[in-house]
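**Student:**
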Amino acid sequence: MKSLFLALGCLGLACAPVQRPVRAEARTGAFLRIIGTNDFHGALEPRADSAGVRLGGGAYVAAAIRAAAAECAPRCEVLLLDGGDMFQGTPASNTAYGKPVVELYNELGYAAAALGNHEFDWGIDTLRARMRDARFGILGANVRYADGRDVEWIPNDTIVVRGRARVGIIGLSTQQTPTTTRPQNVAHLRFVDPAPVVDAHARSLRARGATHVVVVGHVGGRCSETCEGEIFDLAQRITEPVDAIVGGHSHSLLNTTSRGIPIVQARSSGRAIDVLDVPFDRSTPAKGEIRPVLTAQITPDPAAAAIVARWTARVAGEFSQVVGNLSERLSRNGVQSPLGNLIADAQRAAAGTDVAVMNNGGIRADLEAGEVTYGELFEVQPFDNTLVRLTMRGSDLRRYLQQIVARGRPNAHVSGASIVYSRDGAAAGKVDTVLVAGRPIDDAASYTVSVNDFIAAGGDGLGPPAAAIVQALPIIDRNALRDYISRLPQPVEGPRTTRIRMAGEATP
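Here you go:
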């Protein structure tokens with residue numbers, strides 16, 4: 012079973028083949044065991060995957076971490092790291108602005124975490140409060156003020172002592188942060204190229220006595236035939252020796268090497284943990300493993316379970332209310348999905364517009380078949396985004412909808428419109444046909460479009476045309492979905508129409 016959770020090896024120069032997991036008892040000599048999590052997103056309770064297998068949950072993640080730490084004692088020293096995006100995503104965490112996750116991480120003894128883009132979602136004051144609560148460093152070495160100055164309240168790095176090792180830890184934030192959090196919250200900040208930052212801090216850490224250097228970065232990537240993304244670009248360009256990179260942001264499974272640097276990332280929401288063993292003498296390569304957190308095979312950690320129970324009890328009443336019934340599971344997987352269509356339909360209905368645009372990045376969880384609670388809708392749309400009505404000329408609408416496919420594949424769902432686009436060759440990202448209510452757009456006519464306030468502020472590269480009239484609406488996006496589901500005939504089916512498709516692709 013465990014081999015199913017290992018990342019595929021990568022071909023070519025970018026990545027070396029995946030190292031097969033090696034248990035501690037098969038190792039010789041002392042080593043540093045790095046245990047990593049990433050993109051926890053406030054997932055205090057377990058979640059079922061598409062096959063109904065329950066994964067994650069704070070008490071189970073805690074038990075998996077403690078087991079991984081205990082099994083190699085006394086021959087290992089343990090370093091616990093998190094790749095960022097810790098707080099945002101569930102009622103229990105969001106309503107307390109991340110306090111439950113900080114309490115859980117303090118209990119487990121994390122050494123450091125990367126500063127994720129969603130750590131900025133609730134504003135600088137809230138972020139600084141959580142950083143004060145944390146008994147571990149939340150690091151962002153590549154974050155600067157707009158004028159280039161270092162941000163005095165964001166630590167760049169830290170050194171922790173683990174037995175014979177003095178481990179220097181460098182934290183990084185994704186350069187995508189300005190378009191993947193509320194842009195106004197980071198307008199005064201810059202997220203600079205991390206490679207020269209890592210080199211500079213690695214030299215500084217060694218001058219300060221570090222025997223090992225580890226990067227924990229909210230930088231991600233993906234592997235198929237080759238490996239691509241921020242984390243691999245970083246590994247290719249740094250020149251100073253680094254013992255490991257613990258990643259985040261892309262919610263992918265990584266267990267590979269690039270230029271000899273071990274790279275790990277453990278999916279998201281506590282569904283897995285990284286276990287990476289680095290020999291102190293570096294005489295043999297590091298060995299990595301990604302371990303799924305299968306609740307059926309783990310006894311929950313009592314201390315963590317008490318934390319989870321206390322915080323989830325605070326929101327049990329409001330968020331357990333049933334809002335409707337689904338005839339089938341609605342997944343957010345893929346660039347176009349029935350769940351995304353349903354959300355877009357709900358927002359168009361709530362705003363009373365001709366068209367709705369819903370960014371894919373704002374759809375954060377799937378919905379299971381059967382009864383649907385308000386708490387489950389919260390996990391689908393946790394950001395408290397409000398709706399915005401845009402009014403624009405048809406010519407601007409045509410150009411605006413072009414933005415959805417400008418990168419060669421859709422990054423949003425639509426309602427009230429259909430788009431046919433080219434994906435390959437010189438015409439990649441070009442819209443061939445756009446229809447609104449089944450008819451071609453009239454360039455001189457006026458149209459209304461509903462979006463969320465994240466998009467309206469320029470998020471995900473979907474900011475509105477300059478000439479658009481912008482009207483903020485007092486409607487929270489998930490409440491629009493709640494009201495829409497409750498009004499539909501029960502049980503609800505997800506709209507299966509393919510509203511954005513490539514030229515030549517068959518229409519279902």
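Note that the working numbering has the sequence shown beginning at 12, numbered continuously upward. Ideal Cβ positions, reconstructed from N, Cα and C, are used throughout, including at glycine.
May I have a chain-ordered list of the beta strand (DSSP E) segments no shorter than 3 residues that lie completely inside the region 120-194?
**Tutor:** DSSP assignment within the region 120-194 yields the following whole beta strand (DSSP E) runs of 3 residues or more, N-terminal first: 123-125, 148-150, 154-156, 168-173 and 176-183.
**Student:** Using C-beta distances below 7 Å, list every residue in its chain close to ARG400, excluding the 5 sequence neighbours before and after it, in chain order.
**Tutor:** ALA362, THR364, THR459, SER461, GLN482 and LEU484
**Student:** Only counting runs of 4 or more residues, tell me where the alpha helix (DSSP H) segments fall wholly within the region 377-424, in order along the chain.
**Tutor:** 385-391 and 405-413
**Student:** Looking at ASP443: is its Cβ nearer than 7 Å to the Cβ of GLY405?
**Tutor:** ASP443 places its beta carbon 7 Å or farther from that of GLY405.
**Student:** Is GLY120 near the ligand FAD, with its Cβ less than 6 Å from a heavy atom?
**Tutor:** The ligand FAD is not part of the structure shown, which contains no ligands of any sort.
**Student:** Between which two residues does the beta strand (DSSP E) holding GLN276 run?
**Tutor:** 272-277
**Student:** Considering only their Cβ atoms, is the gap separating ASP377 from ARG343 smaller than 7 Å?
**Tutor:** Yes, they are a contact pair.
**Student:** Taking VAL113 as the reference, which of VAL275, ASP136 and ILE318 has the closest Cα?
**Tutor:** ILE318
**Student:** Given a threshold of 16 other Cβ atoms within 10 Å of its Cβ, counted over all protein chains shown, does ASP158 qualify as buried or as exposed?
**Tutor:** It is exposed - the Cβ of ASP158 has fewer than 16 other Cβ atoms within 10 Å.
**Student:** For ALA514, which residues from the same chain have a beta carbon less than 6 Å from its beta carbon, with the 5 sequence-adjacent residues on both sides left out?
**Tutor:** VAL431, SER433 and ASP443
**Student:** State the beta-bridge partners of PHE202 as determined by DSSP.
**Tutor:** Answer by DSSP bridge pairing, in chain order: VAL154.
**Student:** Out of PHE131, ASP136, ILE511 and ALA176, point me to the one whose CA is closest to PRO290's CA.
**Tutor:** ALA176
**Student:** Identify the continuous alpha helix (DSSP H) that holds ALA315 and give its terminal residues.
**Tutor:** First-last of the alpha helix (DSSP H) with ALA315: 313-324.
**Student:** Would you say GLY68 and PRO85 are within 7 Å of each other, going by their C-beta atoms?
**Tutor:** no
**Student:** I need the straight-line Cα distance from GLN392 to ILE165, nearest angstrom please.
**Tutor:** 28 Å
**Student:** Out of GLY271, GLY174 and SER261, state which residue places its alpha-carbon closest to the alpha-carbon of GLN247.
**Tutor:** GLY271
**Student:** Would you call the CB atoms of HIS424 and ASN352 closer than 7 Å?
**Tutor:** yes
**Student:** Relative to the alpha-carbon of ALA448, which residue among ALA198, ALA327 and ALA367 has its alpha-carbon at the smallest distance?
**Tutor:** ALA367
**Student:** CA-CA distance, GLY240 and THR188?
**Tutor:** C-alpha separation (whole angstroms): 15 Å.
**Student:** How do the region 199-207 and the region 268-284 stand: do at least 3 beta-carbon pairs fall below 8 Å, yes or no?
**Tutor:** no
**Student:** Name, in chain order, the residues that DSSP records as bridge partners for VAL298.
**Tutor:** One point to set straight first is that residue 298 is Lys, not Val, in the sequence displayed. Answer by DSSP bridge pairing, in chain order: ASP288.
**Student:** What does DSSP give as the partner residue(s) for GLY427 in the beta ladder?
**Tutor:** Within the DSSP secondary-structure output, GLY427 pairs in no beta bridge.
**Student:** Is the CB-CB distance between LEU473 and ASN370 below 7 Å?
**Tutor:** yes
**Student:** Between the Cα of GLY179 and the Cα atoms of VAL503, THR101, ARG282 and ALA211, which residue gives the shortest distance?
**Tutor:** Of VAL503, THR101, ARG282 and ALA211, the residue nearest in Cα terms is ALA211.
**Student:** Do you know offhand how far SER457's Cα is from GLU130's?
**Tutor:** 38 Å
**Student:** Can you say whether ILE480 is buried or exposed, counting buried as having 16 or more other CB atoms within 10 angstroms of its CB?
**Tutor:** ILE480 is exposed by the Cβ-count criterion.
**Student:** Once you ignore the five residues that flank VAL503 on each side, which residues in its own chain have a CB closer than 7 Å to its CB?
**Tutor:** Cβ neighbours of VAL503 beyond the five flanking positions: GLY335, ASN336, LEU337, SER338 and ILE496.
**Student:** Need the endpoints of the beta strand (DSSP E) that GLN347 sits in, please.
**Tutor:** Here GLN347 belongs to no beta strand (DSSP E), and DSSP marks it neither H nor E.
**Student:** Have a look at VAL257, ARG278, HIS262 and SER261 and flag the residue whose alpha-carbon is nearest the alpha-carbon of THR268.
**Tutor:** VAL257
**Student:** Quick check on this structure: which residue in ASN49, LYS110, ASN463 and GLU236 has the alpha carbon closest to the alpha carbon of TRP322?
**Tutor:** LYS110
**Student:** Could you give the distance in angstroms between the alpha-carbon of LEU408 and the alpha-carbon of GLY427?
**Tutor:** Each residue's alpha carbon lies about 12 Å from the other.
**Student:** For ARG450, which residues does DSSP report across the bridge?
**Tutor:** Answer is VAL447, bridged to ARG450.
**Student:** Once DSSP output is grouped into helix, strand and coil, what is the label at ARG375?
**Tutor:** Coil at ARG375, not helix or strand.
**Student:** Counting pairs of Cβ atoms below 8 Å between the region 92-99 and the region 222-235, do you hit three or more?
**Tutor:** yes
**Student:** Where DSSP assigns a beta bridge to ASP93, which residues make up the other side?
**Tutor:** DSSP, once it has assigned bridges, lists THR48 and ALA124 as partnering ASP93.
**Student:** So ARG512 is in the beta strand (DSSP E); what residue range does that whole segment cover?
**Tutor:** 511-513
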